[in-house]
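Chains A and B are the protein sequences, given in the same order. Using this note's numbering, read the first sequence as starting at 1 and increasing by one per residue. Using this note's numbering, read the second sequence as starting at 1 and increasing by one per residue. The beta-carbon is built from N, C-alpha and C at its ideal position, and this holds for glycine as well.
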Amino acid sequence: MNEKEIPTNKQNYNLEFFGKGSEFFGIIIVNWLLTIITLGIYYPWARVKKLKYIYGQTSLNNERFHFSGTGWELFVGFIKVILIYIAFLIVYGLLIMVNPILGILFVYLGLLAVIPFIIHGSLKYGMSRTSYRGIRFGYRGKRGELAGKIYLWTFLTIITLGLYSFWFSMNLRRYTHEHFRYGEIEFSNDCNGGDWLWISLKGYFLTVITFGIYSFWFYRDIFNYYWSNLKMKNGENVITCKSTATGSGFFELIIINLLITVFTFGIGTPWVIMRNNKFICDNIKLNGDIDLDSIHQTEEQYNNATGEGAMDYLDLEIGN
Amino acid sequence: MLFEGKYFDGLSSAPFQVSVNFDFLKNKIFFKKENEDFIYWDISQIQFNNYGNLFEIRNKKNLDSVLKIDDENFSQFFFQEMKKNRGIDIHTQITNAGFLKISIITFFLFASFSCLYFYVLPPIAEKSVALLPQTFDNYIGDMVMNDFIDQNKIDNEKTEDLQNFAEKLYLAETKKLEFTVVKSNKVNAFALPNGQIVIYSAILEKIQSYDQLAALIGHEVSHVNNRHSIKALSKSLAGYMMISLLFNDVNGIMSVLAENVQQIHSLSYSREFEQEADEYGLKILINNNLDPYAMVELFEQLEKESEFSISEIMSTHPLIKNRKEYMQKIIQNSDYTVKTNNQLSTIFESLKE
Numbered sequence: 001m002n003e004k005e006i007p008t009n010k011q012n013y014n015l016e017f018f019g020k021g022s023e024f025f026g027i028i029i030v031n032w033l034l035t036i037i038t039l040g041i042y043y044p045w046a047r048v049k050k051l052k053y054i055y056g057q058t059s060l061n062n063e064r065f066h067f068s069g070t071g072w073e074l075f076v077g078f079i080k081v082i083l084i085y086i087a088f089l090i091v092y093g094l095l096i097m098v099n100p101i102l103g104i105l106f107v108y109l110g111l112l113a114v115i116p117f118i119i120h121g122s123l124k125y126g127m128s129r130t131s132y133r134g135i136r137f138g139y140r141g142k143r144g145e146l147a148g149k150i151y152l153w154t155f156l157t158i159i160t161l162g163l164y165s166f167w168f169s170m171n172l173r174r175y176t177h178e179h180f181r182y183g184e185i186e187f188s189n190d191c192n193g194g195d196w197l198w199i200s201l202k203g204y205f206l207t208v209i210t211f212g213i214y215s216f217w218f219y220r221d222i223f224n225y226y227w228s229n230l231k232m233k234n235g236e237n238v239i240t241c242k243s244t245a246t247g248s249g250f251f252e253l254i255i256i257n258l259l260i261t262v263f264t265f266g267i268g269t270p271w272v273i274m275r276n277n278k279f280i281c282d283n284i285k286l287n288g289d290i291d292l293d294s295i296h297q298t299e300e301q302y303n304n305a306t307g308e309g310a311m312d313y314l315d316l317e318i319g320n
Numbered sequence: 001m002l003f004e005g006k007y008f009d010g011l012s013s014a015p016f017q018v019s020v021n022f023d024f025l026k027n028k029i030f031f032k033k034e035n036e037d038f039i040y041w042d043i044s045q046i047q048f049n050n051y052g053n054l055f056e057i058r059n060k061k062n063l064d065s066v067l068k069i070d071d072e073n074f075s076q077f078f079f080q081e082m083k084k085n086r087g088i089d090i091h092t093q094i095t096n097a098g099f100l101k102i103s104i105i106t107f108f109l110f111a112s113f114s115c116l117y118f119y120v121l122p123p124i125a126e127k128s129v130a131l132l133p134q135t136f137d138n139y140i141g142d143m144v145m146n147d148f149i150d151q152n153k154i155d156n157e158k159t160e161d162l163q164n165f166a167e168k169l170y171l172a173e174t175k176k177l178e179f180t181v182v183k184s185n186k187v188n189a190f191a192l193p194n195g196q197i198v199i200y201s202a203i204l205e206k207i208q209s210y211d212q213l214a215a216l217i218g219h220e221v222s223h224v225n226n227r228h229s230i231k232a233l234s235k236s237l238a239g240y241m242m243i244s245l246l247f248n249d250v251n252g253i254m255s256v257l258a259e260n261v262q263q264i265h266s267l268s269y270s271r272e273f274e275q276e277a278d279e280y281g282l283k284i285l286i287n288n289n290l291d292p293y294a295m296v297e298l299f300e301q302l303e304k305e306s307e308f309s310i311s312e313i314m315s316t317h318p319l320i321k322n323r324k325e326y327m328q329k330i331i332q333n334s335d336y337t338v339k340t341n342n343q344l345s346t347i348f349e350s351l352k353e
C-alpha cells in the first residue's frame, strides 16, 4: 500500500482560552502577598504560577497547554543573571577608571554581544517547558549561528541608518520560528522585511493622518501578518494559521481595556490580560490535516533558565 | 473507588482511556493502559494543576506523562489526599482559603506596611544619617553648587559683603560656611549640606533691617548644622526603596537618588525641620544681642511678597502664619537684650546699595 494514496483527512482545530479575570486576580494577589512577605524572593515562583495559569487556560481541541518550569529553575536563572550583571559592572567600573570612552564602548558592545545569547537561552528554556498532550515543544536554533546572524543584521542596520531594522526583525522571526518543534512538527514563517516595511510605513502614515484612528487597523495588520505566515508541517501534512481579527475588534478590545485599567486604578489589569489572551485565541483559526494524536516525543530535556532570567531582568520581550 | 481518566504517556500525543484507583496502604494511585501493566505513582511524588474539577496530575519523576481526570467526586477526594501528603504548595493553600481570608490578610499587610512607611521608616532614615560621614554632605553639596553656579549669575560685591556680615555673627556653625548672592528676581534662599548658603538678590531687597538678615542667615545655618537636606534625602530614598521593593522596581531607586540630589536646593523640608530652623534662627538673634522680633518681621516681609507673586521660599515653607505665632510665643517667654550693632549696620547698608 502506497502511503501517498491515502486521502488526507482535513482536521478540525479549535483554539480556546478559558482564563477568567477573577481567578487570575486571585493568583496575582496571592503572588503579591507572598512576594512581599518574602521580600521578593518568591518572585520566580510567582512568575511560574502566573505562566502556569495562562498556559493551562489555553486549549487546543479541548486539551490544555502546560508550563512545566519551576520556581527553583527561574530562581537559579536569576541568581546567575545577577552574578553576570555584577561581573559586568566590575569590568565596566575598572574600564571607566582607565578611560571613560572604553567603559561606554564596553557597555554597548557587551550588551550587543550578550543579546543573542539571552534570546537563545530564553527560547530554549521557554519552549522546553511548554508541553501539550505530554509532548514537549523545543527550540533547535544554534547559539553561535544566531549570534553571527544578529551581529551581521545589527551591522547592516547601523550602516543603513536603521532601514535594515525591518529585515532584522523579520529575519529573526523567521530564524526562530523555523527552529521551533513540537514533536515531529516543524514550524516556519514566511515573513520578510519588504512586506514588513510596507505594513509599517502604511500603518504609521495612516495612523498619523487619521489622528490615531487607524492604529487599531494597524494592530490588525501586524497581527494578521504574524499569524497568516506561520505554518506547521509534519511530513506531508500541514497546518496553516489565519487571523480573523478585525480593526473594530481591536478597537473594542483596546478601548474597553483602557477603561477597565483607568477606572479601577490598575487593579483590573488581570482582567485586561485575560481579555487579551482570549482575543488572541478567538482570532486565530487553524486549518490543515495534521493528526494531533500522532505526534511523538522528539525533543531532548533542557536544563538552564539563565536566558529566561535575563529576559525578565532586562525586561525584554521578543516575537510573541 | 474507580475514576475514569485520560492518560498521555509522554511518548506520543495519543490519549489512552484509563481507570484510576487508590492504594491507601502504599500511598499510591494506580491505573493501566489497555494490555499493559499497572502504572503506580507515589502520591508523595505527585504534582497537580486543577482547573475547576479538571485535574492534571503529573509524576515528578517523569514530568512528560500526564493523567487527566474531570470528576467532581475525584476532585474533593484527591485534594484531601494531597493535603495529607503535604502536596499542596503555599500559594494554592492561600488561594483555596477563600476570598474573605485573602482580603483580610491583604488588608493587614497593607495596614502594617503603611504604618511602617509613615511612622517607622522616616525616623530610622533620619537617625541613620548620623552614620554618613560629613564628606558625603560635602560631596553632594559641591556637586549641586557647581551645577548651580553654571546656571546663575553671582553678584560678587554683595557676596563679599554678605560673607563679611555673616562672619561678624556668632553662628555656632559645624563647618565652614560660604555665602553667595545670586542675581535673581525669585524671592528665595537655600542652604546646601556642604555649608554653601545661597541668598537671592530679590530676597535681600525685601529685607528691611540687619536683624532680619541675621534671622534669615540663622534659619539657613540651621539647615546646614542639622543636616536637614541629607535627612530629607535619606527619608525620601528610604520611602522609595520600600515602595520599589513592594513593586519590584529596583532601577527606580537610582533615578530617585539622582533626581533628589538635583532638586536638593528646592527640596521642601518637613514641618519639624522648618520649625527647628526657626527656633535656631531665633537663638542666633538672641545670642548676638539682636532683636528676636526680626524673625517675625522677616515672615511678614515674605508674607507680603506672596500676595502678588508666588514666592519660592513661601511655597516650600509651610504655614507661615502658625510659624509666626509660634515664634511670638517663644519670644514672650525668653530673656533678651537688644544692642545696636554698628558693624552689622554698616555692612547691611552696603549690601542694600
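Limits of the unbroken alpha helix (DSSP H) element including residue i
| i | result |
| --- | --- |
| K81/A | Lys is not the amino acid found at residue 81/A; the sequence shown has Val there. Segment G71 to V98, the alpha helix (DSSP H) holding V81/A. |
| N146/B | Q134 to Q151 |
| H326/A | This structure does not reach residue 326/A, given that chain A is present from 1 up to 320, and the question cannot be answered. |
| V208/A | G193 to I209 |
| T35/A | G21 to I37 |
| S345/B | N342 to K352 |
| K149/A | R143 to I159 |
| N257/A | G247 to F263 |
| H66/A | Counting along the chain, H66/A falls outside any alpha helix (DSSP H), though it belongs to the beta strand (DSSP E) covering E63 to F67. |
| T180/B | Not the alpha helix (DSSP H): T180/B falls in the beta strand (DSSP E), residues E178 to K183. |
| D278/B | R271 to N287 |
Boundaries (first-last residue) of the beta strand (DSSP E) holding residue i
| i | result |
| --- | --- |
| V198/B | Q196 to Y200 |
| A191/B | A189 to A191 |
| D23/B | F16 to D23 |
| N333/B | That residue, N333/B, is in no beta strand (DSSP E); it is neither H nor E in DSSP. |
| N287/A | I284 to G288 |
| K231/A | L230 to N234 |
| D161/B | Unbroken run through D161/B is the alpha helix (DSSP H), N156 to E167; no beta strand (DSSP E). |
CB-CB length for residue i against residue j, believed under 8 Å
| i | j | result |
| --- | --- | --- |
| I43/B | E81/B | 6 Å |
| G26/A | Y51/B | G26/A to Y51/B, Cβ: 13 Å. No contact. |
| D137/B | R227/B | 6 Å |
| L286/A | L94/A | Wrong, their Cβ atoms sit about 54 Å apart, outside the cutoff. |
| G71/A | P44/A | 5 Å |
| R136/A | Q297/A | 7 Å |
| H223/B | D278/B | Not a contact, Cβ separation roughly 11 Å. |
| N192/A | H177/A | Their Cβ separation, rounded to whole angstroms, is 13 Å, which puts N192/A and H177/A out of contact at 8 Å. |
| D71/B | F3/B | 5 Å |
| F38/B | Y7/B | With a Cβ gap of about 12 Å, F38/B and Y7/B do not count as contacting. |
Sub-9 Å separation of residue i and residue j beta-carbons
| i | j | result |
| --- | --- | --- |
| I124/B | A238/B | yes |
| F187/A | K233/A | yes |
| I260/A | V272/A | yes |
| M127/A | R181/A | yes |
| L60/A | L292/A | yes |
| F250/A | F223/A | yes |
| A191/B | S229/B | yes |
| L67/B | G5/B | yes |
| I355/B | Q301/B | Since the displayed chain B opens at 1 and closes at 353, residue 355/B lies outside it and no answer follows. |
| L285/B | A215/B | yes |
| N194/B | K175/B | yes |
| S12/B | I295/A | yes |
| F17/A | I185/A | no |
| Y139/A | H179/A | yes |
| L282/B | I217/B | no |
| K324/B | E303/B | yes |
| F166/A | G203/A | no |
| P116/A | A147/A | yes |
| V30/A | I94/B | yes |
Check: residue i C-beta below 8 Å from any heavy atom of the ligand ADP
| i | result |
| --- | --- |
| T58/A | Here there are no bound small molecules, and the ligand ADP is not part of this structure. |
Inset, instruction - Quick one: which residues of the segment 130–141 of chain A get their C-beta closer than 9 Å to a C-beta of chain B? List them in chain order. - result: Within the segment 130–141 of chain A, the qualifying residues are S131, Y132, R133, G134, I135 and R136.
Legend entry - Within 8 Å of chain A by C-beta, residues of the segment 101–127 of chain B in sequence order: Result list: I102, I105, T106, L109 and F113.
Inset, instruction - Check each residue of the segment 67–79 of chain A: if its Cβ is closer than 8 Å to any Cβ of chain B, include it; give the result in chain order. - result: So the close ones are S68.
Inset, instruction - Could you pull out every unbroken beta strand (DSSP E) segment of at least 3 residues lying fully inside the segment 48–115 of chain B, listed in chain order? - result: Complete beta strand (DSSP E) runs here, min 3: 54–59 and 62–70.
Legend entry - Runs of alpha helix (DSSP H) wholly within the segment 106–135 of chain A (minimum 4 residues, chain order): Runs of the alpha helix (DSSP H) spanning 4 or more residues and lying entirely within the segment 106–135 of chain A do not occur at all.
Inset, instruction - May I ask you to list, following chain order, the residues of the segment 38–53 of chain B that have a beta carbon less than 8 Å from some beta carbon of chain A? - result: Flagged, chain order: N49 and Y51.
Legend entry - Residues of the segment 61–77 of chain B whose Cβ lies closer than 9 Å to any Cβ of chain A, in chain order: Within the segment 61–77 of chain B, the residues whose Cβ lies closer than 9 Å to any Cβ of chain A are, in chain order, L63, D64, S65, V66 and K68.
Inset, instruction - Would you list, in chain order, the members of the segment 115–129 of chain A that have their beta-carbon closer than 9 Å to a beta-carbon of chain B? - result: Result list empty, no residue passes.
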